[in-house]
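Read the structure below first, then the notes.
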Amino acid sequence: MDRNESAPAIVIKSERYRERDRILTLLSPVWGLRRVVVYGAQKSRKAVKASLCTEAVFHVYNNKERHQISLVDLNIISIHENVLSSLASSFSAALMCEVIMMQKGEDAPSWYELFSSALDSITEDNYRKVVTQFLIKAVNIAGLSTDFSFCPVCGKAYEEKEILGFSADLASPCCSLCDTMHSVMILPVNARRYIKDSQEAGFAEGLSFIISDNMASRLMRYCIRWYNLANACSLKSAAALLELDNLI
Ligand SMILES: [Zn+2]
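Heads up: the sequence shown is residues 1048 to 1295, going by the working numbering.
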């Protein structure tokens, strides 16, 4: 019953396991989320190659009787060195990994495509836009988004210049009259248009939309809060990223 299996995947978590081993959590369009043991990781070259955000074709040995999957070898697609080249991009990647871990492997092909695109394009200069694009699409994939044409609470069509509020009950942007957050989560017209256009665009196209650093920062913060509210969670890795964003 034992067998060798191969599939593309990205390392989204790497933990120590026993003395000398590691457990990698992989996001794969084929396997979903999968935990793979790397034996003797401290010495092994394989583990060195399989650091966080490494994208590769992973060859594993699936021992079904023992419920254990171990790494045999890997062929690197990209180690995403751009991610490791700055704190901002590393913290951003950590946040994206946390989001993906929370999804428990559902709709893995969509997450893989999104994360792979985000990792390919992230730099120290564009991390706010990359995180924003990632989260806009993350809310969509998780089925928690809204269409930005009609208020999801009262059904009214938004006016052209309307500043949107936020409904805590639906965890969704809504019309200004249905706002229950006392205007702390407002969405001005330009920001609303950016999110709507981004929802409809592919990742690269969305990333190419031109906005100021200031607006990118505000949108990133909005999207993190939106994601937290929509998932009733608090992304732990957001704190370091937002702190850094305050300094840059
Ligand atoms: Zn409304």
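Note that CB positions come from ideal geometry on N, CA and C, so glycine has one too. Quick caveat: nothing in here was measured; it's all calculated off a predicted structure.
- A direct Cα-to-Cα measurement between D1260 and S1053 gives close to 41 Å.
- Here I1116 is near R1081, since their CB atoms are less than 8 Å apart.
- The beta carbon of K1203 sits closer than 7 Å to at least one heavy atom of ligand 1.
- A buried status is given to E1102, since no fewer than 16 other beta-carbon atoms sit within 10 Å of its beta-carbon.
- In this structure, the straight-line span from the alpha carbon of T1193 to that of I1258 is close to 22 Å.
- Around the CB of A1097, 16 or more other CB atoms lie within 10 Å, so the residue is classed as buried.
- In this chain, the beta strand (DSSP E) harbouring A1103 covers E1102 to N1110.
- Straight-line spacing of the CA atoms in C1198 and D1226 works out to 10 Å.
- Here the C-alpha atom of S1284 lies approximately 9 Å from the C-alpha atom of M1143.
- The beta carbon of S1196 sits closer than 7 Å to the beta carbons of A1204 and Y1205 from its chain, once the five residues preceding and following it are set aside; these are given in chain order.
- A straight line joining the alpha-carbon of I1123 with that of Q1246 spans about 31 Å.
- In this structure, L1099 is the residue among G1079, L1099 and P1055 with its C-alpha nearest to the C-alpha of R1069.
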